[in-house]
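Participant:
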Amino acid sequence: MRLIKTVVLCIFVAAIFMMQINVKAYGADDVVATSAIVFENGSTYAIDLVDEEREQGKVIIYTRNFGEYTKPFSKGVHEFVVVNNIITYKNTNGAKGTHIPLDGYVISYTGDNIEFINDIHIGEEAKLLNLEIPSLPDKYFELGDVIVPIDDINSQRS
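For the sequence shown, the numbering used here assigns the number 52 to the initial residue and increments by one for each residue that follows.
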């Protein structure tokens with residue numbers, strides 16, 4: 052009887068070790084915050100993409116990391132320029148795309164959500180949540196991945 056108990060116990064222990072147990076643990080660094088844009092009237096919309104190709108029904112933020120201009124667009128695309136958290140311009144002519152400011156970004160929306168479009172007003176505030184926008188100096192050059200500002204022309208060098 053003792054031999055049977057020992058064999059059964061060994062089989063049981065072996066079976067436990069052979070089973071795969073999925074355990075998920077989350078730390079504070081694993082939590083991903085959703086990026087959003089908040090307009091002056093309090094309405095909040097999720098940001099779907101950053102510096103990527105346009106997709107139907109998506110809110111996209113374009114920064115200078117994307118380039119100097121967004122890609123050209125046609126009817127059904129709405130693009131707004133934001134500088135220092137103020138909506139400054141709506142581009143209705145997409146032949147060249149929209150200029151992306153050095154100290155701001157472009158909100159691009161392809162779709163027909165009238166509520167979203169009507170919440171955007173020139174001169175009003177637009178704040179980004181959980182998204183950092185690079186701010187570039189007026190004059191600069193890039194050395195590899197480093198941005199070097201040009202702030203004093205013909206000044207003494209040390």
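Cβ coordinates follow ideal geometry from the N, Cα and C atoms, glycine included.
Since we're looking at a predicted model, the values are computed, not measured.
Assign LEU54 to one of three DSSP states: helix, strand, or coil.
Facilitator: helix
Participant: By Cβ distance, which residues of its chain are closer than 8 Å to PRO185, with the 5 residues on each side in sequence left out?
Facilitator: THR114, ARG115, ASN116
Participant: Determine whether the beta carbon atoms of SER159 and PHE124 lie at a separation below 9 Å.
Facilitator: yes
Participant: Does the distance from the CB of GLY155 to the CB of VAL133 come in under 9 Å?
Facilitator: yes
Participant: Taking the C-alpha atoms as reference points, what is the distance between ASN144 and ASN169?
Facilitator: 18 Å
Participant: Rounded to whole angstroms, what's the CA-CA distance from GLU91 to VAL197? Just pull it up for me.
Facilitator: 35 Å
Participant: Using only alpha-carbon positions, find the residue among LYS56, ILE112, GLU106 that is nearest to LEU179.
Facilitator: Closest by alpha carbon: ILE112.
Participant: Which residue marks the beginning of the beta strand (DSSP E) containing ASN142, and which one marks its end?
Facilitator: 137 to 142
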